[in-house]
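A.B. asks: So the protein lines, in turn, are chains A and B.
Counting in this note's numbering, the first sequence runs from 10 upward without gaps.
Counting in this note's numbering, the second sequence runs from 49 upward without gaps.
For each residue, glycine too, the CB sits at the ideal point set by N, CA and C.
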Amino acid sequence: MSISAKKLKSEPYFYLGPAILLILLVYLYPLIEVFRESFLDIRKWPGTFIGLRNFKIVFTDRMFYLSLLHNIEFLLIIPVIIIIALIIAVILHEKIFGAKFYQSVLFLPYIIPLVAVGIAFSFFFQYRGGLNQMLELLGLKFLIKDWIGNPQLALPVVATAIIWRELGFAIILFLARLGSISEDVVEASHIDGAGWWTRLWRIYVPELTHVIEFYAIISIITMLSQIFGFIFVITNGGPANSTWVSELYIYKQAFQFNHLGAGAVMAVVLIIMTVAIVIISYRFRRRIGEENE
Amino acid sequence: MNDEKRIKSNLKYRAVRWSSFTLKKIILILLAIISIYPLFFVVINSVKSKGDYNGNKIGFPKEIVWDAFRKVFLDQRFLRWFSNTVFLTIISVLICLIIASFAAFALSKMQFRGRRFILNSIISLMVMPVIIMIIPLFVLFGKLQLTNNYIGVILIYVGILMPFNIYLLYSYFVNVPQAILESARIDGCGNFQIFLRMMVPLSLSALMALLVVDVLWVWNELLIALIFMQKENMRTLMVGLTLFQGRFTSDVPVIMAGLTAGILPILILYLFTQKYFVKGLVAGSLKE
């Protein structure tokens with residue numbers, strides 16, 4: 010092989026090299042290594058093999074189950090967001106006056122730094138905060154509560170913050186898909202005298218099925234493993250552990266209780282859950298695809 | 049009789065139309081207020097005096113006071129956090145865009161063994177949550193002395209953003225017609241020339257969309273900054289603000305001023321590049 014041919018053959022790898030090295034370092038190495046570390050006591054490098062002891066500790070830890078339970082409770086957010094976003098997206102799509110303006114305003118929360126959202130919400134919802142003052146002014150004193158200090162209410166408050174921030178993204182996503190529906194179908198439905206709700210259910214929802222599915226899947230993964238910021242800033246797991254979630258479990262175990270092995274076990278659980286969700290959703294989508302054919 | 053019926057139904061139709069129209073308007077206006085209010089809450093309370101805030105947390109200030117902002121901008125730590133975030137954001141995003149566009153170019157316009165496999169593997173990594181990588185990276189970076197080190201955090205940021213960036217650029221690059229590239233090749237351009245002279249200029253809007261989305265992500269990032277930058281003078285703005293909150297609970301306007309300063313750069317970016325924001329965030333998910 011001539012030198013130039015050799016160079017040509019290896020050329021793509023020069024372009025790809027840096028990206029692949031980074032992905033190996035940040036994604037692939039941790040993905041594999043975390044399995045190994047879940048069997049180690051790594052308080053001191055390089056760690057000693059302790060078999061299943063980390064798993065035993067984690068699987069008998071009440072907080073482990075409680076954290077996952079809270080993540081599952083956060084899944085309830087998803088239908089709420091989807092329903093509101095659907096209605097709003099269709100309203101905006103049907104050329105209501107000021108649609109552009111509303112669109113940019115409703116999307117605004119999504120770009121506000123999560124930390125700022127969290128801090129603003131915690132000052133608004135705390136006992137001597139904005140909400141209670143508002144209720145007092147409106148003469149609704151009986152509704153005044155310690156929203157964040159109450160173990161029953163703290164999780165719904167965090168959920169409210171998540172809905173508030175994530176709604177705009179869902180709206181924009183649905184709106185983008187609505188833009189590609191052919192006008193003819195919608196017009197025909199107008200001529201047939203179909204009402205707004207009929208149009209929503211019979212025309213828009215079927216067209217949006219794939220986007221809704223896609224959004225539901227990424228949101229499930231988000232609610233199970235990507236809400237740390239909200240929790241850490243608003244409640245830090247409290248009150249009375251009522252808002253611990255999987256990520257906080259990892260963070261506290263590894264970086265506050267210095268028990269990295271336990272954190273690694275939870276990470277392994279999350280990896281398995283994420284992969285399972287992706288596989289199930291893939292199968293599910295393929296089945297739908299076959300039925301449609 | 050028939051006419052009467054028609055008029056009646058027409059009136060009914062109009063009434064329904066009118067009420068559903070106002071209902072829609074009311075829903076939109078309400079939602080818009082809810083979307084803006086927390087932002088309003090932050091900004092409005094940042095220009096109140098401490099006493100004013102305690103008496104009135106939800107409305108306009110009695111008079112506008114800049115004390116809180118003065119305190120924030122005279123705070124050495126705050127300025128340090130702010131510049132740390134600016135520095136990390138600019139460097140990470142630039143490196144990320146360069147590396148990702150090289151990779152996307154190879155994946156979309158070159159033929160080599162394993163191309164499909166590499167592309168699919170990169171895309172499938174996009175769903176992996178950041179938290180699962182934290183422990184092994186922390187252990188490894190501890191050994192390599194990359195914790196409390198800007199290089200360490202930049203490596204992680206660029207790496208995490210890589211799959212999304214490559215995916216988005218790839219889906220853009222494949223649509224650049226092969227014929228244009230072939231004609232350039234006949235004119236004697238090498239791959240690098242083609243990349244620099246054709247792909248990059250033709251994909252400026254995609255690069256711009258990525259730029260704003262990446263900036264948003266790095267600016268707002270909390271978890272990694274919290275764990276990998278624990279030294280006081282290396283903290284990022286978001287970590288600093290979180291700690292600020294604990295320290296200044298008695299002086300809420302100061303916290304709100306800090307938040308305003310943290311929100312403002314992103315807000316300005318959003319107002320000027322809204323189109324790209326939407327494009328970048330949606331494009332990453334719709335195509336498939």
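(1) Give me whichever residues DSSP pairs with phenylalanine 58/A in a beta bridge.
(2) Could you name the residues of the stretch 174 to 202 of chain B whose beta carbon sits closer than 8 Å to any beta carbon of chain A, in the order they occur along the chain?
(3) Show which residues of chain B have a CB atom less than 9 Å away from the CB atom of valine 167/A.
(4) Below 9 Å between beta carbons: does that hold for isoleucine 236/A and leucine 289/B?
(5) Closest to proline 184/B by C-alpha separation, out of Met72/A, Leu25/A, Ala271/A and Ile86/A, would be which residue?
(6) Identify each residue in the stretch 262 to 285 of chain B for which the Cβ-Cβ distance to at least one residue of chain A is less than 7 Å, and report them in chain order.
(7) Alpha carbon to alpha carbon, how far is glutamine 265/A from phenylalanine 160/B?
(8) Helix, strand or coil for methionine 143/A per DSSP?
(9) Once you ignore the five residues that flank glycine 158/A on each side, which residues in its own chain have a CB closer than 8 Å to its CB?
(10) Can you check whether the C-beta of serine 255/A is within less than 9 Å of a C-beta belonging to chain B?
(11) Just checking my contact of isoleucine 90/A with isoleucine 172/A at CB under 8 Å: how many whole Å lie between their CB atoms?
(12) List the endpoints of the continuous alpha helix (DSSP H) containing cysteine 237/B.
(13) Run through chain B and tell me which residues come within less than 7 Å of tyrosine 74/A, C-beta to C-beta.
(14) Which residues in the same chain as tyrosine 291/A place their Cβ atom closer than 6 Å to its Cβ, once the five residues preceding and following it in sequence are excluded?
(15) Which of helix, strand or coil does DSSP assign to alanine 10/B?
(16) Can you list the residues of chain B that leucine 269/A reaches, using a CB-CB cut of under 9 Å?
(17) State the Cα-Cα distance for the pair glutamine 322/B and serine 113/A, rounded to the nearest angstrom.
(18) Would you tell me roughly how many angstroms separate the C-alpha atoms of glycine 207/B and valine 35/A, rounded to the nearest one?
(19) Between the stretch 237 to 257 of chain B and chain A, which residues of the former have a C-beta closer than 7 Å to a C-beta of the latter?
(20) Would the stretch 70 to 90 of chain B and the stretch 93 to 113 of chain A be scored as touching if the rule is three or more Cβ pairs under 8 Å?
(21) Taking DSSP as the reference, what is the three-state secondary structure of asparagine 213/B?
(22) Curious, which full-length alpha helix (DSSP H) runs of at least 4 residues does the stretch 274 to 318 of chain B contain?
(23) Can you check whether the CB of threonine 244/A is closer than 9 Å to the CB of serine 76/A?
(24) Using the C-alpha atoms, what's the distance from leucine 250/B back to alanine 337/B?
(25) Between the beta-carbon of serine 156/B and the beta-carbon of tyrosine 218/B, is there less than 9 Å?
(26) Output, in chain order, the set of chain A residues within a Cβ distance shorter than 8 Å of glutamine 226/B.
(27) Please specify which runs of the alpha helix (DSSP H), each continuous and at least 4 residues long, are wholly inside the stretch 134 to 198 of chain B, giving them in chain order.
(28) Suppose the cutoff is 6 Å on Cβ atoms and the five residues either side in sequence are ignored; what does the same chain contact list for alanine 257/B look like?
(29) Count the other CB atoms within 10 Å of the CB of leucine 340/B; is the residue buried (16 or more) or exposed (fewer)?
(30) For alanine 197/A and chain B, any beta-carbon pair shorter than 9 Å?
C.D. replies: Once the coordinates are examined:
(1) Position 49 of the first sequence, counting from 1, holds the residue named residue 58/A. Answer is Leu49/A.
(2) Of all residues in the stretch 174 to 202 of chain B, only Val175, Met176, Pro177, Val178, Ile179, Ile180, Met181, Ile182, Ile183, Pro184, Leu185, Phe186, Val187, Leu188, Gly190 and Lys191 come within less than 8 Å of chain A when Cβ atoms are compared, listed by chain position.
(3) Within the first sequence, the letter at position 158 stands for residue 167/A. Those do not exist, as valine 167/A stays about 14 Å from chain B at its closest Cβ, beyond 9 Å.
(4) On the first sequence, position 227 is the one that residue 236/A refers to. On the second sequence, position 241 is the one that residue 289/B refers to. No, the pair does not count as a contact, with Cβ atoms beyond the cut-off.
(5) Locating residue 184/B in the second sequence gives position 136, counting from the first residue. Nearest in C-alpha terms to proline 184/B, of all of Met72/A, Leu25/A, Ala271/A and Ile86/A, is Ala271/A.
(6) Residues are counted here when their Cβ sits less than 7 Å from a Cβ of chain A; for the stretch 262 to 285 of chain B these are Leu264, Trp267, Asn268, Leu270, Leu271 and Ile275, given in chain order.
(7) As a first step, residue 265/A is located in the first sequence; it is residue number 256 there, counting from the start. As a first step, residue 160/B is located in the second sequence; it is residue number 112 there, counting from the start. Cα to Cα, the separation comes out at about 47 Å.
(8) Translated into positions along the first sequence, residue 143/A becomes position 134. Reduced to three states, the DSSP call for methionine 143/A is helix.
(9) Against the first sequence, residue 158/A aligns to sequence position 149. A distance below 8 Å between beta-carbons, with the five flanking residues on each side excluded, links glycine 158/A to the following residues of its chain, in chain order: Gln135, Tyr136 and Pro248.
(10) Here residue 255/A refers to the residue found at position 246 of the first sequence. By this cut-off, serine 255/A is an interface position.
(11) As a first step, residue 90/A is located in the first sequence; it is residue number 81 there, counting from the start. As a first step, residue 172/A is located in the first sequence; it is residue number 163 there, counting from the start. Correct: roughly 6 Å between the Cβ atoms.
(12) Residue 237/B sits at position 189 when you count from the first residue of the second sequence. DSSP places cysteine 237/B outside any alpha helix (DSSP H), giving it a letter other than H or E.
(13) For the purposes of this step, residue 74/A is taken as residue 65 along the first sequence, with counting starting at 1. For tyrosine 74/A, no chain B residue has a C-beta closer than 7 Å to its own C-beta; the minimum C-beta separation is roughly 18 Å.
(14) For the purposes of this step, residue 291/A is taken as residue 282 along the first sequence, with counting starting at 1. Closer than 6 Å at the Cβ level, and outside the excluded window around tyrosine 291/A, lies no residue.
(15) Only positions 49 to 336 of chain B appear in this structure, which leaves residue 10/B out of reach.
(16) If you number the first sequence from 1, residue 269/A lands on position 260. The contact set of leucine 269/A on chain B, defined by CB atoms closer than 9 Å, consists of Ile183, Phe186 and Val187 in chain order.
(17) Numbered from 1 along the second sequence, position 274 holds the residue referred to as residue 322/B. Numbered from 1 along the first sequence, position 104 holds the residue referred to as residue 113/A. Cα-Cα distance, rounded: 8 Å.
(18) By 1-based counting over the second sequence, the position of residue 207/B is 159. By 1-based counting over the first sequence, the position of residue 35/A is 26. The straight-line gap from Cα to Cα measures roughly 6 Å.
(19) Flagged, chain order: Asn239.
(20) Taking 8 Å as the limit for Cβ pairs, the verdict is that the stretch 93 to 113 of chain A does touch the stretch 70 to 90 of chain B.
(21) By one-based count along the second sequence, residue 213/B stands at place 165. Three-state DSSP puts asparagine 213/B in a helix.
(22) Entirely contained in the stretch 274 to 318 of chain B, the alpha helix (DSSP H) runs reaching 4 residues are, in chain order, 285 to 295.
(23) Looking up residue 76/A in the first sequence gives position 67. Looking up residue 244/A in the first sequence gives position 235. No, these two residues do not count as a Cβ contact at 9 Å.
(24) Lying outside 49 to 336, the shown extent of chain B, residue 337/B is not represented and no answer is given.
(25) Here residue 156/B corresponds to residue number 108 of the second sequence, with the count starting at 1. Here residue 218/B corresponds to residue number 170 of the second sequence, with the count starting at 1. With respect to the 9 Å criterion, serine 156/B and tyrosine 218/B are classified as neighbours on the basis of their beta carbons.
(26) Locating residue 226/B in the second sequence gives position 178, where the first residue counts as 1. Contact note: glutamine 226/B does not reach chain A at a C-beta cutoff of 8 Å; the least C-beta distance is about 16 Å.
(27) Entirely contained in the stretch 134 to 198 of chain B, the alpha helix (DSSP H) runs reaching 4 residues are, in chain order, 163 to 172 and 179 to 191.
(28) As a working note, residue 257/B is residue 209 in the second sequence. Tyr324, Lys327 and Gly328.
(29) The requested residue 340/B is not part of the displayed model; chain B covers only 49 to 336.
(30) Counting from 1 along the first sequence, the entry for residue 197/A is found at position 188. At a cut-off of 9 Å between beta carbons, alanine 197/A makes no contact with chain B.
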